[in-house]
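Novice:
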Amino acid sequence: MSSATPSTAHVNGFRAAVSGAGLGLRRGLTQTLSDYPEAIDFMEVAPENWIGVGGAIGRQLRQFTERYPFVLHGLSLSIGSPAALDEQLLRDIRQFMDEHGIETYTEHLTYCSDDGHLYDLMPIPFTEEAVDHVAERIQRAQDILGRRIAMENASYYAAPGQEMSEIEFLNAVLQKADCGLLFDVNNLYVNSINHRYDPLDFMRQLPAERIAYCHVAGHYNEAEDLIVDTHGADVIDDVWQLLSVAYQQFGSLPTLLERDFNYPPLNQLLGEIHHIHDLQRQAQVSDNNHIA
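Sequential numbering of the sequence shown, starting at 5, is according to this note's numbering.
Dropping the structure here:
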């Protein structure tokens, strides 16, 4: 693994205990990554895809968790759902984290169940009532896990019942729940295009002290004014530029590349990892020059 320089900005209890550039570990990548590329500093998995998995696949995961620091990114907690919180899932996740020595768990600020699993991430209404509902469920989740969690700013394509802006809703939830933020830079870009707002203004309003780490990913251009978050393509220049601005504003945040399908050759994936490292080094040099 590379000797990345940890972020020096806003070090606190919300920051994930990782640094540098990471990659999401998917079943389709395990053989490709079996030589443990040195460029990767940490990895991320969805616990739902690995809890209870034994045999050769389970042993393979153990080899990765013994080699790399890991964070978890959940898929199905459905934090915004009106249904009862899945406390058994949270207990299973806590056991999984304990077994593999993982400290950071994150989830999407969405819901994905309502009398059954919806197999998609649905937007939570930007309302005061929703803030209270979601914050209470996050606090309960943190109690069960015995850890602070981080919620991800999610991509969304409609905003039903909106009483406040996206950034106002996000900040209200983070403050009321006293939780961290998984800052997805690609989701910010997607939402800024689809909902026609300034991503830099959004970024300036983020609570720097609550950012655990970042995501970057690719997306699909459905139309000129409609972008779909897919994690199935290369990161575009505009998203890299936003990430660079984030580093200038918040320091060299740990950053993970998400790629869920359409896997390119390994050297192409690692090229994006190297680009994250390059941007982090540039931000560190800029910080040092500013201090000097």
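Glycine included, every Cβ here is placed at the ideal spot set by N, Cα and C.
Ignore the nearest five residues each way along the sequence and tell me which others in D242's own chain have a CB closer than 8 Å to its CB.
Specialist: Excluding sequence neighbours, D242 sits near Y193.
Novice: Would you say A181 and A139 are within 9 Å of each other, going by their C-beta atoms?
Specialist: Cβ atoms of A181 and A139: closer than 9 Å.
Novice: Looking only at C-alpha atoms, which of Y40, V75, R30 sits nearest to I61?
Specialist: Checked all of Y40, V75, R30; the closest Cα to I61 is R30.
Novice: With C-beta atoms as the reference, is A154 less than 9 Å away from P127?
Specialist: It is not a contact, given that the beta carbons lie outside the stated cut-off.
Novice: Tell me, to the nearest whole angstrom, how far the beta carbon of T110 is from that of G78; I am working on the premise that it is less than 8 Å.
Specialist: 7 Å between Cβ atoms; contact.
Novice: Can you check DSSP and say which residues form a bridge with H223?
Specialist: DSSP lists D233 as partners of H223.
Novice: Would Q179 pass as a contact of P211 if the rule is Cβ separation under 9 Å?
Specialist: Going by C-beta atoms, Q179 is nearer than 9 Å to P211.
Novice: So for I277, helix, strand or coil by DSSP?
Specialist: Helix.
Novice: By the three-class DSSP mapping on this structure, what secondary structure does T69 have?
Specialist: Here T69 sits in helix by DSSP.
Novice: With DSSP run on the structure shown, which of helix, strand or coil describes Y267?
Specialist: Coil, per DSSP.
Novice: Report the three-state DSSP secondary structure of D188 (helix, strand or coil).
Specialist: Strand.
Novice: Cα-Cα, which of D90, V249, F74, P73 is closest to R141?
Specialist: If we check each option's Cα against that of R141, D90 comes out closest.
Novice: Could you check the C-alpha separation between M207 and F254 for me, to the nearest Å?
Specialist: Approximately 10 Å between the Cα atoms of the pair.
Novice: Cα separation between L113 and L149?
Specialist: Their Cα atoms are separated by approximately 17 Å.
Novice: Which residues in the same chain have their Cβ closer than 6 Å to the Cβ of E262, if we skip the five residues on either side of it in sequence?
Specialist: Closer than 6 Å at Cβ, skipping near neighbours: G28, H219, A221, H235.
Novice: Cα-Cα, which of F100, P51, I106, L246 is closest to S196?
Specialist: Closest by alpha carbon: L246.
Novice: Whole angstroms is fine: what's the gap from A145's alpha carbon to R95's?
Specialist: Roughly 9 Å separates the two Cα atoms.
Novice: Using CA coordinates, which residue listed in G59, T131, P51 is at the minimum distance from Q99?
Specialist: For Q99, the nearest C-alpha among the options comes from P51.
Novice: Note down the Cα distance separating A287 from Y217, rounded to an integer number of angstroms.
Specialist: Approximately 16 Å, taken between the alpha carbons.
Novice: How close, in whole Å, do the beta carbons of L76 and I97 come, if the pair is a contact with beta carbons under 8 Å?
Specialist: 7 Å between Cβ atoms; contact.
Novice: Since M155 sits in a beta bridge, which residues does DSSP pair it with?
Specialist: BP columns for M155 point to E111, L185.
Novice: Helix, strand or coil: how does DSSP classify L178 here?
Specialist: Correct three-state label for L178: helix.
Novice: Apart from the five residues just before and just after L185, which ones in its own chain have a Cβ nearer than 8 Å to its Cβ?
Specialist: Once the five neighbours on either side are set aside, the close Cβ partners of L185 are F18, A154, M155, E156, N157, L174, L178, L210, P211, R214, I215, A216.
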